[in-house]
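The opening residue of the sequence shown carries number -16 in the working numbering; numbering runs sequentially from there.
Yeah, the Cβ is synthetic: ideal placement off N, Cα and C, and Gly gets one too.
Please read these numbers as outputs of a predicted model, since none were measured by experiment.
Below is one structure, written out as structure tokens; comments come after it.
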Amino acid sequence: MIVGVLALQGAFQAHIDKLTDLGADAREVKRPEHLDSVDALVMPGGESTTMSMLLESSELFDPIADRLDDGMPVFGTCAGLILLSTDIEDGRPDQRSFGRLDITVKRNGYGRQVESFETDIETTVTNEPVHAVFIRAPRIMRIGDDVDVLAEARGDAVLVRSGNALGAGFHPELSSSSEIHRLFLESLAS
Ligand code: GLN
């Protein structure tokens, strides 16, 4: 099982380190041919507008969309969550997303004073609370019927799952806990 990490921009190395620590074979995905060998994909945090442009210029957008249609498991964090959503508030007009999670996300949705914060969250899928780091995080404003909410913070959904897509508004790769990555890897094994 090879886990690709979209490595065009943003916090991809921390994901690779986390996945490698957990025993996974994690590899950078920068070009379409890198996609051929991966069984699953992580989309990291960073800047979703920039990633959207780089996905087009690298010609990765359409091959990734095809693989997602075929059922490839995907895990998006922060900007990666934005890339997986169906609807984006405060995005760029030309910003594209893969529409795998039927949610509306508001970019930088926590306002200026609290743009970045950390908190421990209870989840429905881990035994221990998870330390969650939010950095200019997207706020989930609407949740579609087919989307399961696995954790909330400050009254909002922050960890969601639908079909083959898992999404987090926070940065589990920057936390000392590995629970969310373990959850993703376990879902690949089952
Ligand atoms: N604000 C960023 C965006 O809109 C996301 C921030 C992050 O990934 N830490 O893409």
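Here Leu38 is near Phe44, since their CB atoms are less than 8 Å apart. Here Phe58 is near Leu149, since their CB atoms are less than 8 Å apart. Measuring C-alpha to C-alpha distances from Leu64 to each of Leu142, Ile(-15), Ser40 identifies Leu142 as the nearest. In the structure shown, His154 adopts coil according to DSSP, grouped into three states. By the 16-neighbour rule on beta-carbons within 10 angstroms, Ser35 is buried. If the five residues before and after Val108 are omitted, its C-beta is found closer than 7 Å to the C-beta atoms of Leu133, Leu166, all from its own chain and listed in chain order. Between Ile104 and Ala136, the gap from beta carbon to beta carbon is short of 8 Å.
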